[in-house]
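What follows is a single structure, written as structure tokens, with notes after it.
In structure tokens, the structure reads:
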């Protein structure tokens, strides 16, 4: 008989084992005299005998395949192909039977297999940012941007060392983050790719700074805190997702769909938590007014057609339009514990 | 007399007889002061009482003050702030007066004047002794005597000097150079003729104390006789008092704002701006400017306010108006850096400490770009409602000039206890009064 390969599938479908057999027949059962010994208590001591199909079949019968016979007559043999319990069956490569609670699949050496699932190749973008010269340039440029940011937001005259130490905070965060992902990559893919992780994190922080400014300026120019918050939330979730997907791509072999699902739920989850916090604390008593105090230089309002969308009201228009601040919900009057 | 004593003291001290000197000096000093005070104390003491507010749950006093009987019918005058808790929550607190002989007598609040911090109460048992009311227009420098029970230590008399009515105060008070301490609130201030000329009300420490002129008590008493808000001896309910207080506050701010809005306003200059200055004599402005070498900007700061606070309950007061200006000019900062600095200044509002969560709602705000004068500003406009007096609000108007890269004006207006119509009119006038000119600072 040609080579027979039996795939043993555990009743709970998690354990898989392959056994290869050669010879005229293969005996299967719980007894120790069998060729394939199964531990399943529902399997008989001598349960099955498998014979080569071609050895039995006369002329005119299709060659190959196996003839399987239930010799125990106890718990029977369920043949999946025919969806019934049978005493004897002729099976081809890939067919399955169930004896007791064990599932067996019969395969010939020539049985076709699925195409190889390839590991995710490194995207050209990562290859590029991984090159030492590029990583170094990104590091340099980003450090300059961090320094500029520290300079722009400082309220006093700052010396160069002070500026540098300010930007070190950003760098420390970036290095820590990249280091953690490199460690994950080392464990999962056996490839840390620290340089790529570092470049990615630097680019993320810089993009974050830029987009924060964009949302602030847009909110100011349109005079709407809603615009500022919505833009910030959209930018954060978009950028956060993209960035985490990049980190995961470098460090793991998870499929793209799963990566996007995981990363977007993380960033949306953070936004959801922030929104929840806002709503749970928004009615807390605050003795001082909280107002939209963003102020930007005059050019911020030239960038957008501010005159049409908001503002440039006269004093009278403004006071008419804002009379709503004196309208308080009625429940306050009723709940006054006087 | 005083001077002579001082000289004697000095002489003896230099002789080295320190202990004797101290005793002699004290004796001599005391002699000159007490003759008058002693006589006044003896004749007036039976009319002066301690006022206690009793917490019904514990039966113990939660606050104390002083008071005095001023009619033969047993009307007792005290401060509103002494009996405020009993007015707000009559179901939880009760007022009692304790006479000089230790007799305790429950009392009903008959009427109150929250603006001038006065209350008229009446005990259940009548007593004969009472003080007659005089006039508060004495000449500066007159000796007057204040009585009361400081810190629950026992009835005391304090001699001090009458220093006239406070000229720049909305609700005229007598400036009394003598020590009034907690517990003396509501006690009488008497002239040598044993007539009440004022009622102890507050102190600024260091012998700077204030008295409510007795004329306000007369007005309140006239109201008690004419239209008492008390239907019976059981007193009025908390909600009726609430309406009564709301009416007084509303009427008061109407009059105040009318006085404020009618005349042309004084202006002052800050940076490139001409802004409202001391609107009435009751406003006091303070200024400060700085141009430090190491700073990247210079500034001029002006803050104006009144000192007329109306007490409503512990932790809740109203009636003040405050406005301040901040002119900021950069010394070579780029626009982004300058605006970071500018925004930081704009972000922090004037701290509100006049009310708590039971008294007011949270602020509601709106904002827009508004052309003030001819220049672009960002204006923020906020209000919060008084929970117990829904027609009244605390408001905040904040403005930032936003048309220059390197300089700007921040202005903030705070008005406590104002109704909607007056608030809007005040804001309108305030914003329209702001004008611009060429800078003197930059």
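Residue numbers (the numbering used here), protein chains in the order written: chain P, 1 to 338; chain B, 339 to 780.
All C-beta atoms in this analysis are idealised placements derived from N, C-alpha and C, irrespective of residue type, glycine included.
Being a predicted model, the structure only gives us computed values, none of them experimental.
- Secondary structure at residue 485(B): strand, using DSSP grouped into helix, strand and coil.
- Against chain P, a Cβ distance below 8 Å from residue 586(B) picks out nothing, because the smallest value is about 16 Å.
- Leaving aside the five residues that flank residue 107(P) on each side, the residues in its chain whose CB is nearer than 7 Å to its CB run, in chain order, 5, 7, 93 and 94.
- Per DSSP, the unbroken alpha helix (DSSP H) holding residue 758(B) starts and ends at 758 to 771.
- Rounded to the nearest whole angstrom, the C-alpha separation of residue 482(B) and residue 554(B) is 19 Å.
- Closer than 7 Å to the CB of residue 227(P) there is not a single CB belonging to chain B.
- Within the segment 520 to 565 of chain B, the complete beta strand (DSSP E) segments of 3 residues or longer fall at 526 to 528, 533 to 543 and 546 to 551, listed in chain order.
- In the pairwise beta carbon analysis, the segment 122 to 129 of chain P is classified as not touching the segment 649 to 668 of chain B: fewer than three pairs are separated by under 8 Å.
- Under the Cβ criterion (8 Å, minimum of three pairs), the segment 224 to 239 of chain P counts as touching the segment 260 to 278 of chain P.
- Under a criterion of Cβ atoms nearer than 7 Å, the residues of chain P adjacent to residue 765(B) are, in order, 319.
- Neighbours of residue 695(B) in chain P, taken as residues at a C-beta separation under 8 Å, are given in chain order as 285.
- Scanning its chain for C-beta atoms nearer than 7 Å, with the 5 sequence neighbours on each side dropped, one finds around residue 474(B) the residues 512, 535, 536, 551, 552 and 553, in chain order.
- Contact of residue 647(B) with chain P by beta-carbon distance below 8 Å is absent, the smallest such distance being about 16 Å.
- Of all C-beta pairs linking the segment 721 to 731 of chain B to the segment 757 to 772 of chain B, three or more are shorter than 8 Å, placing the two stretches in contact.
- In the DSSP assignment, residue 127(P) falls within the unbroken alpha helix (DSSP H) covering 124 to 130.
- The Cβ-Cβ distance between residue 47(P) and residue 97(P) does not fall below 7 Å.
- CA-CA distance, residue 327(P) to residue 598(B), rounds to 25 Å.
- Contact of residue 674(B) with chain P by beta-carbon distance below 7 Å involves 152 and 297.
- Taking all protein chains shown into account, residue 205(P) has 16 or more neighbouring C-beta atoms within 10 Å of its C-beta and is therefore buried.
- Annotation for residue 322(P): no alpha helix (DSSP H) segment contains it, and DSSP assigns it neither H nor E.
- With distances taken between CA atoms, residue 255(P) lies nearest to 119(P) out of 21(P), 119(P) and 81(P).
- Taking residue 251(P) as reference, the option from 276(P), 66(P) and 182(P) with the minimal CA-CA separation is 182(P).
- Chain-order list of chain B residues neighbouring residue 155(P): 678, 679 and 682, by C-beta distance under 7 Å.
- Only those residues of the segment 540 to 570 of chain B whose C-beta falls short of 7 Å from the nearest C-beta of chain P would be listed, and there are none.
- A straight line joining the alpha-carbon of residue 440(B) with that of residue 581(B) spans about 36 Å.
- Within chain P, the residues 315 have their CB atoms less than 7 Å from the CB of residue 769(B), given in chain order.
- Annotated three-state conformation of residue 605(B) is strand, per DSSP.
- Nearest neighbour of residue 102(P) by Cα position, chosen from 216(P), 244(P), 42(P) and 177(P), turns out to be 42(P).
- Boundaries of the alpha helix (DSSP H) around residue 216(P): 194 to 221.
- In the structure shown, residue 615(B) falls within a coil segment according to DSSP collapsed to helix, strand and coil.
- Under a criterion of Cβ atoms nearer than 8 Å, no residue of chain P is adjacent to residue 379(B); the nearest Cβ is some 41 Å distant.
- Between residue 704(B) and residue 325(P), the C-beta gap is smaller than 7 Å, which places the two residues in contact.
- The C-alpha of residue 642(B) is placed about 6 Å away from the C-alpha of residue 662(B).
- Contact between the segment 463 to 479 of chain B and the segment 419 to 427 of chain B is not established, with fewer than three Cβ pairs separated by less than 8 Å.
- Residues of chain B whose Cβ lies closer than 8 Å to the Cβ of residue 292(P) are, in chain order, 703, 705 and 718.
- Going by DSSP, residue 270(P) is part of no beta strand (DSSP E) but of the alpha helix (DSSP H) stretching over 256 to 281.
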